[in-house]
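See below for the structure under consideration.
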Amino acid sequence: MPQPQDPFYAGLGQAVRIGTELLAALVVGGGLGWAIDTYLLGSSPWLLVLGLVLGAAAGVRNAYRMAQRWPK
Amino acid sequence: MEESPLHPFELHNFIPISVGGFDISINKAVIMMWIVVGLISILMIMAGSARRLVPGKLQSLAEMLVDFIRGIILDTMGKDGMKFFPLIATLFLFILFCNLIGLIPGSYTVTSQIVVTAVFACTVYALSLVMGFVLHGGKFLGILVPPGTPAWLLPLMIPIELISQLARPISLAVRLFANMTAGHVILGVLFGLAVSGGLLIGWLPFAFTIAMNGLEVGIAFIQAYIFTVLTCVYLGDAFHLHGHEEHAH
Chain C
34 MPQPQDPFYA
44 GLGQAVRIGT
54 ELLAALVVGG
64 GLGWAIDTYL
74 LGSSPWLLVL
84 GLVLGAAAGV
94 RNAYRMAQRW
104 PK
Chain Y
-9 MEESPLHPFE
1 LHNFIPISVG
11 GFDISINKAV
21 IMMWIVVGLI
31 SILMIMAGSA
41 RRLVPGKLQS
51 LAEMLVDFIR
61 GIILDTMGKD
71 GMKFFPLIAT
81 LFLFILFCNL
91 IGLIPGSYTV
101 TSQIVVTAVF
111 ACTVYALSLV
121 MGFVLHGGKF
131 LGILVPPGTP
141 AWLLPLMIPI
151 ELISQLARPI
161 SLAVRLFANM
171 TAGHVILGVL
181 FGLAVSGGLL
191 IGWLPFAFTI
201 AMNGLEVGIA
211 FIQAYIFTVL
221 TCVYLGDAFH
231 LHGHEEHAH
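Line by line, the protein sequences give chains C and Y. Numbering-wise (my numbering), the first sequence opens with residue 34 and increments by one. Numbering-wise (my numbering), the second sequence opens with residue -9 and increments by one.
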């Protein structure tokens, strides 16, 4: 049984996480922008664009925060 | 032989039950969940009943699992986190057993249904929100403002942090679901090739199926581990607001 202290498994866990982290933030940002565009303001497509930009920033932020917790 | 690789993920109701318009039929996934819960209960009760100082095989397996989960909690949340041990141990064992049991040919992987993983992820995230507001009150909204942010950056940072918070349950749910589904699609396609290839060439994809199954055992374990670690991290964030963050400077 692998131990959490084992650097191989800890590193593998971190590596698998980073991709989904980037993608999920982008989807949430774009989705929020798109939903407000379509259902609330009718300002398509500007909030979708803004949401995607903010989502990308949030994704990078999440990845950065993850890297700060990187096991040393 | 002309079967879609997604066919194994379709659910057919064995016993259709409908209560007030809600479909609560018994299907393959429900039965697999019962089996998993039963298996874990039997394993843990049997392992715990001996209580020997020098543990037998079963008892040392259970002790190893418990020690493993305890290690995760202590690493990510510190000593306070042990209050959540029952919740986190249950989540870890359930996901691990679902992942592993799904690898037995002919059975079903419950965690390849996004409903299941989404319910886990949303429960964990809702718990972390409720706990954060109970412990810190209105100050918990400060989780949206990273420490050291200048005031003129606030209009930019608050939407970004809001999105990064909302992305947490989604990435948690999608990661587990996608890894489990993708693994089984690959296994299905490879096995389909082996069957349609015949004896002459079919042994090659069949060998790959076996190798992939071995890899999937590792993935089953790693995904359960990641889900548990992230659960601890999110709960820990709500516990000590800005506690572990930004220490790198």
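The beta carbon of each residue, even a glycine, is placed where N, CA and C say it ideally should be. From a predicted model like this one, the values you see are computed outputs, not experimental measurements.
Sheet register partners of residue i (DSSP bridge)
i                     : result
residue 3 of chain Y  : Y/17
residue -6 of chain Y : According to DSSP, residue -6 of chain Y bridges with nothing at all.
residue 12 of chain Y : Y/9
Opening and closing residue of the alpha helix (DSSP H) in which residue i lies
i                      : result
residue 213 of chain Y : 144 to 229
residue 72 of chain Y  : Premise fails: residue 72 of chain Y is in no alpha helix (DSSP H) and is neither H nor E.
residue 104 of chain Y : 104 to 126
For residue i, three-class secondary structure by DSSP
i                      : result
residue 92 of chain C  : helix
residue 77 of chain C  : coil
residue 44 of chain Y  : coil
residue 39 of chain Y  : helix
residue 102 of chain C : coil
residue 32 of chain Y  : helix
residue 97 of chain Y  : coil
residue 27 of chain Y  : helix
residue 139 of chain Y : coil
residue 84 of chain C  : helix
residue 92 of chain Y  : coil
residue 238 of chain Y : Any reading at residue 238 of chain Y must be qualified, since the residue scores a pLDDT of 38, below 50, and its modelled position is unreliable; the value itself is stated next. Correct three-state label for residue 238 of chain Y: coil.
residue 50 of chain C  : helix
residue 97 of chain C  : helix
Whole-Å CB distance - residue i paired with residue j, under 8 angstroms assumed
i                      : j                      : result
residue 49 of chain C  : residue 14 of chain Y  : No, residue 49 of chain C and residue 14 of chain Y are not in contact; Cβ-Cβ is about 34 angstroms, not under 8 angstroms.
residue 94 of chain Y  : residue 75 of chain Y  : Wrong, their Cβ atoms sit about 29 angstroms apart, outside the cutoff.
residue 173 of chain Y : residue 151 of chain Y : The Cβ separation is near 33 angstroms, so there is no contact.
residue 71 of chain Y  : residue 222 of chain Y : 6 angstroms
residue 67 of chain C  : residue 83 of chain C  : With a Cβ gap of about 11 angstroms, residue 67 of chain C and residue 83 of chain C do not count as contacting.
residue 146 of chain Y : residue 135 of chain Y : Between residue 135 of chain Y and residue 146 of chain Y the Cβ distance is about 11 angstroms, and since that is not below 8 angstroms, they are no contact.
residue 69 of chain Y  : residue 231 of chain Y : Wrong, their Cβ atoms sit about 17 angstroms apart, outside the cutoff.
residue 167 of chain Y : residue 107 of chain Y : 4 angstroms
residue 106 of chain C : residue 153 of chain Y : Residue numbering for chain C in the displayed model covers 34 to 105; residue 106 of chain C lies beyond these limits and cannot be assessed.
residue 99 of chain Y  : residue 89 of chain Y  : 7 angstroms
residue 177 of chain Y : residue 195 of chain Y : Between residue 195 of chain Y and residue 177 of chain Y the Cβ distance is about 10 angstroms, and since that is not below 8 angstroms, they are no contact.
residue 227 of chain Y : residue 78 of chain Y  : Not a contact, Cβ separation roughly 15 angstroms.
residue 91 of chain Y  : residue 97 of chain Y  : 6 angstroms
residue 175 of chain Y : residue -4 of chain Y  : 7 angstroms
residue 220 of chain Y : residue 162 of chain Y : 6 angstroms
residue 165 of chain Y : residue 53 of chain C  : 4 angstroms
residue 102 of chain Y : residue 170 of chain Y : 4 angstroms
Whether or not the region 47 to 63 of chain C and the region 153 to 165 of chain Y are in contact is what I'm after, with contact meaning three or more pairs of Cβ atoms, one per stretch, closer than 8 angstroms; do they touch? yes
So, do the region 82 to 93 of chain Y and the region 209 to 225 of chain Y have three or more beta carbon pairs nearer to each other than 8 angstroms? yes
Measuring CB atoms only, is the region 184 to 202 of chain Y touching the region 90 to 99 of chain C, in the sense that at least three cross pairs come out at less than 8 angstroms? no
Between the region 18 to 33 of chain Y and the region -7 to 10 of chain Y, can you find at least three pairs of beta-carbon atoms closer than 8 angstroms? yes
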